[in-house]
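Data block below; observations after.
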Amino acid sequence: MSSEVLRELILKLTEPDRLEIIREAGISDYRPALLRGDEELGDLEEADSWVTQNSARILPHLLRRTDPSDDEMLQLVQSGMLPFDRGLLEPREFLVRFNHPAMRTALDGGLPLSEVAATSLALTELITSLLAANRSFGADAVMPTVRIAAGSVDFLATGPGLIVGGLGLLATCGVGVISAPVTGGTAVLTSAIDLTLNWQKRSSEKGRGDADRAKADAERGRADADRARADAKKIEAETIGQELENELIRIRLGNSPSQAEAHRAEKPETHPASFFVPFALIERSSQENGLAVAHGVHLINRGLPSLFGILQVMPGVSITVENIVRQ
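Be aware that the sequence shown starts at 36, since it is given in my numbering, and climbs by one per residue.
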């Protein structure tokens, strides 16, 4: 049944999150008992009827609190609960421009090779994350050809409209993030960007003499010993702290270990990246890029961590995306 996946996603949430989704969607709370968490009184057919009737309004808000698997996203797309414009699968030409403070000092229209390499890796990271996010929608992409312009790096690319729209969405919503624990993207690529930009430091490190290496090895040995002692003390402190936390929970909930474990299991998981972007900004930017709002939320969940990883190693970089219309 097409409503089954969405129903199960709703039931995985805590009741406070479900109530908040109802409020944000602007609908009256007339949910069947099952969707309130009452499995004994719940009627499956009644619950699925409610889900089908309200899916369009609740799905964008639900995706800000949980990030479904690729299989679940595929089922939502195939069932029609997550609509998208299939015209976005057609190839388009677009321009992605990276501007960075270091690029403004370039002379004669040239740029350091390290800047070109770093921005290429950054765009690769963003497109890779969007390709993964759009797999459920059947999108393909062609990696862009590159054109260098004075003071910036321009990538003239051809790919499906879903990639163009996703890049535009990330570029807009990335600057509107509320302070939040959004983790960085693929560690391998962001580390590669960092190493590429810091090539001078790497070059000087490779030029050390044998005496410097020996000294560094000796210092590393002492540091390892100090770290081992510090780790032992940390483990001891964490053990004592955990025991104290368990005792406080037992005092608050009773002496039953099962009660304490149940309380710990109720702790909410970290919200997806889109939870920390104003919904109005997601809604407006999704519409500007031809995306359904729920689709936009999904792309932010998967793509924004990659953008954050890039911004951590390329502070000050700005990204713009332009559609190219051929006459």
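Glycine included, each C-beta is placed from N, C-alpha and C at the ideal position.
Quick one: what does DSSP say residue i is sitting in, helix, strand or coil?
| i | result |
| --- | --- |
| A401 | Residue 401 lies beyond the range of the chain shown here (36 to 362); nothing can be said about it. |
| I62 | coil |
| F133 | strand |
| G122 | helix |
| T101 | coil |
| G194 | strand |
| N324 | coil |
| V312 | coil |
| V356 | strand |
| V151 | helix |
Count the other C-beta atoms from every protein chain shown that fall within 10 angstroms of the C-beta of residue i, then say buried if there are 16 or more, exposed otherwise.
| i | result |
| --- | --- |
| V40 | buried |
| R58 | exposed |
| D83 | buried |
| G196 | buried |
| D73 | exposed |
| I354 | buried |
| R337 | buried |
| A206 | buried |
| E80 | exposed |
| G201 | buried |
| E160 | buried |
| L123 | buried |
For residue i and residue j, I'd like the C-alpha separation in whole angstroms.
| i | j | result |
| --- | --- | --- |
| R85 | S114 | With the sequence shown as reference, residue 85 is identified as Trp, and Arg is not the correct amino acid for it. Whole-angstrom Cα-Cα distance: 16 Å. |
| S309 | V188 | 28 Å |
| D175 | V199 | 12 Å |
| A192 | L165 | 15 Å |
| K47 | I359 | 43 Å |
| E357 | A152 | 21 Å |
| E125 | L76 | 48 Å |
| D102 | V212 | 18 Å |
| P340 | L117 | 22 Å |
| E55 | S149 | 47 Å |
For residue i, which option in the options has the closest C-alpha, if you only look at C-alpha atoms?
| i | options | result |
| --- | --- | --- |
| R42 | A206, F119 and I93 | I93 |
| S90 | C208, R66, M349 and P313 | R66 |
| H330 | R132, D105, P51 and E74 | D105 |
| M349 | M108, D120, N134 and Q110 | N134 |
| L111 | G344, P340, N169 and G351 | N169 |
| T49 | H333, R99, R71 and F190 | R71 |
| V131 | V332, T101, L204 and H306 | L204 |
| V210 | P313, N324 and T101 | P313 |
| R100 | P307, S341 and I162 | P307 |
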